[in-house]
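Written below as structure tokens is the structure these notes are about.
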Amino acid sequence: MAVADLLLQSSSSVSLLGALVVLLLVYIVSSSSFKNRKEPPGPKPLPLLGHLPSMVFRKPHTEFLELSKKYGSVFTIYLGPNKVVVLAGYKTVKAALVSHADVFGERTQWPVEQEINQGHGIIWSNGHSWKEMRQLALSHLRNFGIGKKMWEDKIIEECDCLIEVFKKFKGNAGQGFDTTPPIYDAVANIISSMVYGSRFEYGDPVFTSLVERTRRHMHLLFSTSMQMYNQFPWFYKLFARWTEFYRLGAANVKQTTELCRLLKETFDPHMCRGFVDAFLVRKQNLKESGITNQSFCNENLLVTVMNLFTAGLETTSGTLRWGLVFMAKYPKIQDQVQGELSRVIGHRQVRLEDRKNLPFTDAFIHETLRLANIAPMSLPRRTSKDVTFQGYFIKKGTTVVPLLTSVLNDESEWESPYSFNPAHFLDKDEKFVKRDAFIPFSAGRRSCPGETLARGMLFIFLTTLLQHFRFSVPAGVSEDELNPNSCLGLSLNPLFHEQPSAECEEGLKI
Ligand code: HEM
Numbered sequence: 020m021a022v023a024d025l026l027l028q029s030s031s032s033v034s035l036l037g038a039l040v041v042l043l044l045v046y047i048v049s050s051s052s053f054k055n056r057k058e059p060p061g062p063k064p065l066p067l068l069g070h071l072p073s074m075v076f077r078k079p080h081t082e083f084l085e086l087s088k089k090y091g092s093v094f095t096i097y098l099g100p101n102k103v104v105v106l107a108g109y110k111t112v113k114a115a116l117v118s119h120a121d122v123f124g125e126r127t128q129w130p131v132e133q134e135i136n137q138g139h140g141i142i143w144s145n146g147h148s149w150k151e152m153r154q155l156a157l158s159h160l161r162n163f164g165i166g167k168k169m170w171e172d173k174i175i176e177e178c179d180c181l182i183e184v185f186k187k188f189k190g191n192a193g194q195g196f197d198t199t200p201p202i203y204d205a206v207a208n209i210i211s212s213m214v215y216g217s218r219f220e221y222g223d224p225v226f227t228s229l230v231e232r233t234r235r236h237m238h239l240l241f242s243t244s245m246q247m248y249n250q251f252p253w254f255y256k257l258f259a260r261w262t263e264f265y266r267l268g269a270a271n272v273k274q275t276t277e278l279c280r281l282l283k284e285t286f287d288p289h290m291c292r293g294f295v296d297a298f299l300v301r302k303q304n305l306k307e308s309g310i311t312n313q314s315f316c317n318e319n320l321l322v323t324v325m326n327l328f329t330a331g332l333e334t335t336s337g338t339l340r341w342g343l344v345f346m347a348k349y350p351k352i353q354d355q356v357q358g359e360l361s362r363v364i365g366h367r368q369v370r371l372e373d374r375k376n377l378p379f380t381d382a383f384i385h386e387t388l389r390l391a392n393i394a395p396m397s398l399p400r401r402t403s404k405d406v407t408f409q410g411y412f413i414k415k416g417t418t419v420v421p422l423l424t425s426v427l428n429d430e431s432e433w434e435s436p437y438s439f440n441p442a443h444f445l446d447k448d449e450k451f452v453k454r455d456a457f458i459p460f461s462a463g464r465r466s467c468p469g470e471t472l473a474r475g476m477l478f479i480f481l482t483t484l485l486q487h488f489r490f491s492v493p494a495g496v497s498e499d500e501l502n503p504n505s506c507l508g509l510s511l512n513p514l515f516h517e518q519p520s521a522e523c524e525e526g527l528k529i
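Numbering (my numbering), first residue to last: 20 to 529.
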């Protein structure tokens with residue numbers, strides 16, 4: 020018995036010892052693997068506010084660019100209590116958005132947008148509904164879009180209207196005038212034709228309020244106060260109803276509902292006028308096939324339509340305005356573009372198929388998109404799972420900012436990153452060349468679905484305007500106001516928003 024007791028005791032102390040050894044090993048392995056989970060470096064955040072205070076006084080994208088020089092191409096900052104990983108430089112941004120598209124392909128959920136959109140639309144949604152709406156928008160743009168004459172003709176028709184508005188300023192020559200309102204109207208009309216199937220008359224109060232509200236909504240979305248709400252959403256919930264953002268959103272929903280209602284009343288499945296009809300046709304087809312698909316509900320239609328306006332209006336109008344600003348600022352480059360247009364096209368209407376014969380003009384438009392840098396931080400992404408990226412551990416659900424400005428100005432990719440230099444897109448024989456680091460529309464599965472339409476508008480509008488007018492800087496506008504990086508906000512628009520911006524002369528001799 021005594022021997023058996025002894026044996027039992029010794030075997031239990033052995034198993035205790037064994038358990039301790041196993042625990043020790045587990046601890047060593049897990050703590051070393053924890054140590055291997057090196058998180059991206061970054062500056063020390065302030066309690067609760069993180070780095071928000073420094074963002075109030077500086078433009079976030081320039082602040083991030085500075086930080087990337089100190090902390091490298093993958094670094095962490097805190098917006099309020101929320102962690103954000105910033106990706107900088109062409110190689111890093113491309114590796115994340117393209118090579119790791121499955122991990123970095125989701126959109127982060129900003130609480131304010133989440134509250135308004137309820138997971139609908141394209142821009143702020145994820146998963147099945149996002150896929151359905153994005154595919155529908157893309158196929159609508161393809162079926163009716165660029166490449167087929169119909170869209171091109173609509174852009175040309177709109178450009179004629181824009182030229183008439185510019186001509187009215189003839190008497191104003193020398194003093195300059197603000198090109199902002201007519202350019203926004205022209206772009207809004209192209210998006211309206213794409214979405215609703217028809218344009219509005221300039222000055223129509225319904226149209227004016229639609230354009231103004233969309234602009235203001237976009238401006239507020241990226242304002243400091245809205246960023247504060249996004250970091251402290253309970254604060255927004257308390258005050259939402261009293262904010263301008265909320266009121267604009269509600270008015271937008273009301274107006275978009277009314278415009279969609281008018282189309283539903285006259286809907287004919289055999290005649291697709293625009294995106295709204297394409298949505299209704301798809302919904303009807305699914306119903307007839309007995310397939311229930313929650314994505315094709317009224318709310319999704321409304322949010323998607325509003326998304327197309329919001330995403331397309333500010334970006335395209337802003338880039339067009341930068342194109343004119345660069346022409347005014349660099350008269351010699353304007354001479355070269357107008358010289359090429361004169362030689363190759365003469366007085367006839369420019370068409371998209373002419374692009375291949377206008378390498379300098381094409382290079383000028385690409386350089387405008389590069390230096391205008393209209394969406395310097397793209398739109399925020401989110402990791403869909405834990406990932407170790409470039410040696411750093413990033414947890415699932417982390418907000419990720421692809422810093423497009425660091426790609427479009429990457430010193431290892433561009434010969435003169437901070438100058439306006441169309442030669443970036445020309446080879447030694449003056450032929451147009453594509454550049455890998457040219458990603459103003461972002462890259463990967465969430466890249467801009469409106470790219471082809473936007474490029475079509477930029478080409479036709481800029482070339483046709485330059486056939487008719489010469490642009491110059493009015494007296495009193497400072498150098499700083501002509502510099503893209505002098506502007507605030509997420510979408511970089513020329514600073515002199517509401518002031519005279521360009522002097523035009525009708526009937527340029529070409
Ligand atoms: C010069 C003009 C434009 C520029 C520079 C631009 C740029 C961008 C960028 C950088 C993004 C973020 C993509 C990402 O998260 O990776 C985006 C998204 C988007 N853009 Fe554009 N855009 C332009 C015009 C347009 C137009 C004309 C439309 C449609 C009418 C449009 C519709 C959208 C939509 C719906 C998204 C969200 C895509 C998604 O989340 O899947 N954009 N755009």
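Beta carbons: idealized from backbone N, C-alpha and C, even for Gly.
Bridge partners - residue i, DSSP secondary structure assignment
{"i": "P421", "result": "L106"}
{"i": "V93", "result": "L106"}
{"i": "V406", "result": "I413"}
{"i": "F451", "result": "L445"}
{"i": "H101", "result": "Checking the sequence shown, residue 101 turns out to be Asn, not His. The partner list for N101 (beta bridge, DSSP) reads L98."}
{"i": "E125", "result": "R401"}
{"i": "L65", "result": "G69"}
{"i": "F254", "result": "DSSP output for F254 lists no bridge partner at all."}
Closest residue to residue i among the options (Cα-Cα distance)
{"i": "V230", "options": "E284, G195, T276, T329", "result": "T329"}
{"i": "L155", "options": "D354, A297, S118, Y437", "result": "A297"}
{"i": "E58", "options": "A391, F488, Y411", "result": "Y411"}
{"i": "I141", "options": "V496, R464, M476, S491", "result": "R464"}
{"i": "R474", "options": "W149, K78, I209", "result": "I209"}
{"i": "G222", "options": "Q250, F196, L181, G195", "result": "L181"}
{"i": "S118", "options": "P468, A462, I310", "result": "A462"}
{"i": "Q274", "options": "S228, M290, T387, D287", "result": "S228"}
{"i": "K2", "options": "A394, F188, D172", "result": "Examination of residue 2 is not possible in this model, given that the chain is present from 20 through 529 alone."}
{"i": "N271", "options": "E318, T335, Q313", "result": "E318"}
{"i": "L339", "options": "G138, L267, L477, V105", "result": "L477"}
{"i": "W253", "options": "K450, W129, F123", "result": "W129"}
{"i": "M158", "options": "S431, C291, P224", "result": "Checking the sequence shown, residue 158 turns out to be Ser, not Met. Measuring from the Cα of S158, the nearest candidate turns out to be C291."}
{"i": "R153", "options": "C467, S497, K186", "result": "C467"}
{"i": "A120", "options": "V419, F444, L427", "result": "V419"}
{"i": "M111", "options": "E498, P378, E432", "result": "According to the sequence provided, residue 111 is Thr. The question's Met does not apply to it. Minimum Cα distance to T111 is reached at E432."}
{"i": "L422", "options": "A442, H443, L445, A456", "result": "A456"}
Distance between residue j and residue i (C-alpha atoms, nearest Å)
{"i": "M213", "j": "L160", "result": "8 angstroms"}
{"i": "L360", "j": "L239", "result": "39 angstroms"}
{"i": "T471", "j": "T262", "result": "35 angstroms"}
{"i": "A269", "j": "E500", "result": "34 angstroms"}
{"i": "P519", "j": "L327", "result": "Caution is warranted here: a pLDDT of 36 is assigned to P519, below 50, making its placement in the model unreliable, and no coordinate value can be reported."}
{"i": "D179", "j": "G358", "result": "21 angstroms"}
{"i": "L299", "j": "L281", "result": "13 angstroms"}
{"i": "I458", "j": "F264", "result": "30 angstroms"}
{"i": "L86", "j": "A107", "result": "10 angstroms"}
{"i": "T285", "j": "N440", "result": "50 angstroms"}
{"i": "F294", "j": "V324", "result": "8 angstroms"}
{"i": "E220", "j": "R301", "result": "30 angstroms"}
{"i": "G508", "j": "E82", "result": "A caution first: G508 carries a pLDDT of 38, below 50, which makes its placement in the model unreliable, though a value can still be read off. For G508 and E82, the distance between alpha carbons rounds to 13 angstroms."}
{"i": "R401", "j": "S148", "result": "17 angstroms"}
{"i": "P399", "j": "S425", "result": "15 angstroms"}
{"i": "Q250", "j": "R126", "result": "16 angstroms"}
{"i": "F315", "j": "R489", "result": "48 angstroms"}
{"i": "N376", "j": "V452", "result": "13 angstroms"}
{"i": "L116", "j": "K150", "result": "17 angstroms"}
{"i": "K414", "j": "E171", "result": "45 angstroms"}
{"i": "Q303", "j": "N136", "result": "24 angstroms"}
{"i": "L257", "j": "Y248", "result": "10 angstroms"}
{"i": "F494", "j": "V184", "result": "First, the residue type needs correcting, since residue 494 is Ala and not Phe in the sequence shown. Looking at the two C-alpha atoms, the distance is approximately 22 angstroms."}
{"i": "S73", "j": "H80", "result": "12 angstroms"}
{"i": "K404", "j": "S397", "result": "21 angstroms"}
{"i": "D535", "j": "I174", "result": "In the structure as shown, the chain starts at 20 and stops at 529, and residue 535 therefore has no counterpart that could be examined."}
{"i": "F226", "j": "D448", "result": "46 angstroms"}
{"i": "E176", "j": "E333", "result": "21 angstroms"}
Closer than 7 angstroms: residue i CB and nearest the ligand NAP heavy atom
{"i": "F460", "result": "Annotation note on the ligand NAP: not contained in the displayed structure, which lists the ligand HEM as its ligands."}
- Meets three-Cβ-pair contact criterion under 8 angstroms: the region 368-376 and the region 479-498: By the Cβ test, the region 368-376 is in contact with the region 479-498, since at least three Cβ pairs between them sit closer than 8 angstroms.
- Message: Counting beta carbon pairs with one atom in the region 78-98 and one in the region 54-70, are three or more of them shorter than 8 angstroms?
- Response: These segments touch.
- Message: Pairs of beta-carbons, one from the region 192-203 and one from the region 240-251, closer than 8 angstroms: are there three or more?
- Response: With the rule of 3 Cβ pairs closer than 8 angstroms, the region 192-203 does not count as touching the region 240-251.
- Query: Looking at C-beta atoms only, is the number of pairs between the region 375-394 and the region 340-360 that lie closer than 8 angstroms three or more?
  - Reply: The region 375-394 vs the region 340-360: in contact.
- Query: Taking one C-beta from the region 437-455 and one from the region 407-422 each time, how about it: are there three or more such pairs within less than 8 angstroms?
  - Reply: The region 437-455, when compared against the region 407-422, does not touch it at the 8 angstroms Cβ threshold.
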